[in-house]
Amino acid sequence: QKEVEQDPGPLSVPEGAIVSLNCTYSNSAFQYFMWYRQYSRKGPELLMYTYSSGNKEDGRFTAQVDKSSKYISLFIRDSQPSDSATYLCAMSGSGGGADGLTFGKGTHLIIQP
Amino acid sequence: ETGVTQTPRHLVMGMTNKKSLKCEQHLGHNAMYWYKQSAKKPLELMFVYNFKEQTENNSVPSRFSPECPNSSHLFLHLHTLQPEDSALYLCASSQESLIDRNNSPLHFGNGTRLTVT
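Below, the structure written as structure tokens:
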């Protein structure tokens, strides 16, 4: 079983819809959870950074962590064509850096105008 | 502007060539990294430089050789590569704590798209 599972998509939704992106993991030592957004021909940029279980909201984005189910989600409200990108989940047992940092394969999201 | 600059953006090289990738970070971070990104695969960590010392290489083939002359610059020297080495090579930096494990998340550059012919 892979450490982090993420559906590669593509996931295509109409503009204005609520988008739900998810990752599951197997390592119970993971405590720090990140979502990166990667536009075509660009590097990943940090979108959300959370610790342990719970929700974190930033504008139209909400990150949710359920450690008991080993499941994390990223919700995008009022989706825009500019949200079209690949979304990478990442997680680690330490606070940051690359120490034990494990990435998902990324989900390719397409928002249709 | 990401604060991490990589050059060149694109590189095509033959299997017998020698080339170098360059990375410069303007964030004052003390750790830098090379990652390989291939289609349909998770990001693969290649090299870690923490306080200018290499701390991890993850069994990368010797045809990849990193160099970190200071905490702001990182190079990846390439020689006798194989076609399967074609990928996006990403540089990243972070601020590592000297006291605890409260380190910052990674900040990535825009990568070098490498094609080996």
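Respectively, the protein sequence lines represent chains R and S.
Residue 908 in the numbering used here is what sits at position 106 of the first sequence, and the numbering runs on without skipping anything.
Residue 281 in the numbering used here is what sits at position 83 of the second sequence, and the numbering runs on without skipping anything.
C-beta atoms are modelled at their ideal positions from N, C-alpha and C, and glycine is treated no differently.
Since we're looking at a predicted model, the values are computed, not measured.
Candidates the options: closest to residue i by CA position
i	options	result
Thr205 (chain S)	S:Ser291, S:Ala290, S:Thr310	S:Thr310
Asn248 (chain S)	S:Cys289, S:Ser269, S:Tyr287	S:Ser269
His208 (chain S)	S:Leu304, S:Tyr287, S:Phe306, S:Tyr233	S:Tyr287
Phe877 (chain R)	R:Ile820, R:Gln808, R:Pro812, R:Glu807	R:Ile820
Glu251 (chain S)	S:Pro281, S:Ser302, S:His271, S:Leu279	S:His271
Tyr851 (chain R)	S:Thr313, S:Pro303, S:Asn308	S:Pro303
Lys220 (chain S)	S:Lys239, S:Ser263, S:Glu254	S:Ser263
Pro259 (chain S)	S:Met244, S:Pro267, S:Ser291	S:Met244
Glu282 (chain S)	S:Thr253, S:Asn256, S:Arg261	S:Arg261
Asn153 (chain S)	R:Tyr841, R:Arg843, R:Ala900, R:Gly845	Lying outside 199 to 315, the shown extent of chain S, residue 153 (chain S) is not represented and no answer is given.
Ala865 (chain R)	R:Met893, R:Pro810, R:Tyr841, R:Gly811	R:Met893
Sequence-distant residues of its chain with Cβ nearer than 6 Å to residue i (five each side left out)
i	result
Ser218 (chain S)	Phe273, His275
Pro816 (chain R)	Gln914
Tyr853 (chain R)	Tyr834
Arg879 (chain R)	Ile820, Arg862
Glu294 (chain S)	Asn228, Ala229, Asn248, Asn301
Close Cβ partners of residue i (< 7 Å) along its chain, the five nearest in sequence each way excluded
i	result
Leu848 (chain R)	Met836, Tyr838
Gly895 (chain R)	Ala831, Phe832, Gln833, Gly902
Ser284 (chain S)	Leu312, Thr313, Val314
First and last residue of the uninterrupted beta strand (DSSP E) at residue i
i	result
Pro816 (chain R)	813 to 816
Asp860 (chain R)	856 to 860
Thr909 (chain R)	909 to 914
Phe835 (chain R)	834 to 840
Ile878 (chain R)	873 to 878
Asp868 (chain R)	863 to 868
Gln204 (chain S)	202 to 205
Pro264 (chain S)	262 to 268
Close Cβ partners of residue i (< 8 Å) along its chain, the five nearest in sequence each way excluded
i	result
Leu241 (chain S)	Tyr233, Lys234, Gln235, Leu288
His224 (chain S)	Gly201, Val202, Thr203, Ser270
Leu813 (chain R)	Val821, Leu823, Thr909, His910, Leu911, Ile912
Met211 (chain S)	Lys217, Leu276, Leu279, Leu312, Thr313, Val314, Thr315
Is there contact here, the region 819 to 830 of chain R with the region 860 to 873 of chain R, by at least three beta-carbon pairs under 8 Å? A contact is defined here as three or more CB-CB pairs under 8 Å, and the region 819 to 830 of chain R meets this definition with respect to the region 860 to 873 of chain R.
Give a yes or no on contact between the region 849 to 866 of chain R and the region 212 to 230 of chain S, applying the rule of three or more CB pairs nearer than 8 Å. Counting Cβ pairs under 8 Å, fewer than three are found: no touch.
My parser needs the beta strand (DSSP E) runs of 3 or more residues fully inside the region 283 to 312 of chain S; what are they? Taken in chain order, the whole beta strand (DSSP E) runs of length 3 or more contained in the region 283 to 312 of chain S are 285 to 292.
Could you give the uninterrupted runs of the beta strand (DSSP E) lying entirely in the region 209 to 257 of chain S, keeping only those of 3 residues or more? Qualifying beta strand (DSSP E) stretches, in chain order: 216 to 223, 229 to 235, 242 to 248, 251 to 254.
Quick test of the definition: if touching needs 3 or more C-beta pairs under 8 Å, does the region 875 to 887 of chain R touch the region 903 to 914 of chain R? Segments in contact, yes.
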